[in-house]
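Peer 1:
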């Protein structure tokens with residue numbers, strides 16, 4: 444069995460306190476394809492947590508049967524800071540109470556740094572270029588030394604996900620149908636995900652430099668392809684935001700099928716053996 448759980452310490456926000464990021468890992472490090480999934484970056488959005496807890500249980504069964512062929516990282520509680528923000532018995536996990544910044548904004552913008560790092564080193568081999576760019580992203584992340592707890596959290600999430608082939612950011616609205624956000628770079632490649640999870644709507648954007656978690660991945664690859672038109676730069680990552688209906692939709696009759704659908708999508712993408 445390959446399943447292990449890591450705990451990544453965040454810097455103490457106040458004396459006598461400590462928060463940790465809990466990371467589930469399946470498969471062999473460096474195996475392809477690599478998938479990364481997290482939930483509750485907006486910490487009051489609970490459906491994704493329940494879905495990923497169900498998914499972790501299914502992945503553990505697949506792991507015991509030797510069916511994990513790629514690498515999978517799952518972070519059910521992606522924002523332990525926001526989870527602690529309770530004011531008069533009401534969850535306040537969307538904004539950092541220290542800065543009033545949305546937790547899904549202000550991820551590290553590495554576009555210019557990575558462009559400079561790979562300029563002159565790309566070849567006519569698209570797969571080799573993807574590997575080169577991933578190394579450049581990883582190097583850029585390791586040189587950052589953020590001090591604030593929320594900034595370190597964002598940095599750690601990118602370190603876990605930057606080299607993944609598949610990245611899913613699970614959210615929920617106040618009340619909504621199940622829907623999907625993708626950047627135009629990843630469409631129609633993500634159409635199989637939309638069908639598998641029974642998305643009612645797919646919203647396709649062009650990316651923005653507000654640096655949401657999704658843009659920190661998809662926009663980087665889009666800008667690299669636009670900058671280096673003389674060399675093949677395929678999308679190195681399929682990134683999507685899955686909006687799991689409304690915040691109160693946490694019942695097992697919804698969340699277990701959602702987890703099953705994500706599991707089957709990972710099978711289709713070759714991360715897990717079977718159909």
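Numbering (the numbering used here), first residue to last: 444 to 718.
Quick reminder that beta carbons are idealized off the backbone N, C-alpha and C, glycines included.
Pull the bridge partners of residue 751 from the DSSP assignment, please.
Peer 2: The shown model of the chain, from 444 to 718, leaves out residue 751, and the question about it has no answer.
Peer 1: Between the Cα of residue 679 and those of 580, 699, 490, spot the shortest distance and give me the residue it belongs to.
Peer 2: Of 580, 699, 490, the residue nearest in Cα terms is 580.
Peer 1: Rounding to the nearest angstrom, what Cα-Cα distance links residue 484 and residue 523 in this structure?
Peer 2: Cα to Cα, residue 484 sits roughly 9 Å from residue 523.
Peer 1: Where DSSP assigns a beta bridge to residue 644, which residues make up the other side?
Peer 2: Residue 644 pairs with 622.
Peer 1: Less than 8 Å between the beta carbons of residue 499 and residue 517, yes or no?
Peer 2: Yes, they are a contact pair.
Peer 1: Answer yes or no: do residue 620 and residue 636 have a C-beta to C-beta separation smaller than 8 Å?
Peer 2: No, the Cβ-Cβ distance between residue 620 and residue 636 is not below 8 Å.
Peer 1: Would you say residue 583 and residue 560 are within 8 Å of each other, going by their C-beta atoms?
Peer 2: Yes; because the gap between Cβ atoms is below 8 Å, this pair is in contact.
Peer 1: Please go through the region 660-712 and give each complete alpha helix (DSSP H) segment of 4 or more residues, from N-terminal end onward.
Peer 2: Counting only runs of 4 or more, we get 695-711.
Peer 1: In whole angstroms, what separates the C-alpha of residue 569 from that of residue 613?
Peer 2: So the two alpha carbons sit approximately 29 Å from each other.
Peer 1: Do residue 689 and residue 513 come within 8 Å of each other at the CB atom, strictly closer than that value?
Peer 2: The answer is no: Cβ separation not under 8 Å.
Peer 1: In terms of alpha-carbon separation, which member of 494, 458, 564, 480 lies closest to residue 691?
Peer 2: Comparing Cα positions, the closest option is 494.
Peer 1: Report the rounded CA-to-CA distance for residue 588 versus residue 595, giving the unit in angstroms.
Peer 2: Looking at the two C-alpha atoms, the distance is approximately 8 Å.
Peer 1: By alpha-carbon positions, which one of 454, 472, 475 ends up nearest to residue 464?
Peer 2: It is 454 whose Cα lies nearest to the Cα of residue 464.
Peer 1: Hey, residue 469 and residue 547: beta-carbon distance below 8 Å or not?
Peer 2: No.
Peer 1: CA-CA distance, residue 496 and residue 591?
Peer 2: Roughly 28 Å between the two C-alpha positions.
Peer 1: What do you get for residue 575, buried or exposed, if any count of 16 or more other CB atoms within 10 angstroms of its CB means buried?
Peer 2: Under this definition residue 575 is a buried residue.
Peer 1: Go ahead and pull the three-state DSSP assignment for residue 501.
Peer 2: The answer is helix: DSSP assigns residue 501 an H, G or I state.
Peer 1: Excluding the 5 residues preceding and the 5 following residue 535 in the sequence, name in chain order all residues of the same chain whose CB lies nearer than 6 Å to its CB.
Peer 2: So the qualifying residues of the chain are 528.
Peer 1: Please state the DSSP three-state secondary structure of residue 578.
Peer 2: Correct three-state label for residue 578: helix.
Peer 1: Classify residue 486 as buried or exposed, calling it buried when 16 or more other Cβ atoms lie within 10 Å of its own Cβ.
Peer 2: Buried is the call here.
Peer 1: Specify, as a first and last residue, the run of the alpha helix (DSSP H) that residue 639 falls within.
Peer 2: Where residue 639 is concerned, the enclosing alpha helix (DSSP H) stretches over 634-639.
Peer 1: Does the separation of the CB atoms of residue 503 and residue 715 fall below 8 Å?
Peer 2: Result no, Cβ atoms of residue 503 and residue 715 do not sit closer than 8 Å.
Peer 1: Kindly list the residues whose CB is nearer than 8 Å to the CB of residue 640, restricted to its own chain and excluding five residues on each side of it in sequence; keep chain order.
Peer 2: Closer than 8 Å at the Cβ level, and outside the excluded window around residue 640, lie 621, 623, 685, 701, 704, 705, 708.
Peer 1: Just to confirm my understanding: we take residue 472, look at its own chain, exclude 5 residues before and 5 after, and list those with CB closer than 8 Å. What are they?
Peer 2: Excluding sequence neighbours, residue 472 sits near 514.
Peer 1: In its own chain, which residues sit with a C-beta less than 6 Å from the C-beta of residue 571, not counting the 5 before and 5 after it?
Peer 2: Excluding residues within five positions, none has a Cβ falling inside 6 Å.
Peer 1: If you follow the beta strand (DSSP E) that residue 471 is part of, which residue opens it and which one closes it?
Peer 2: Here residue 471 belongs to no beta strand (DSSP E), and DSSP marks it neither H nor E.
Peer 1: How about residue 575: is its C-beta nearer than 8 Å to some C-beta of chain B?
Peer 2: Any reference to chain B falls outside this structure, which holds one protein chain only.
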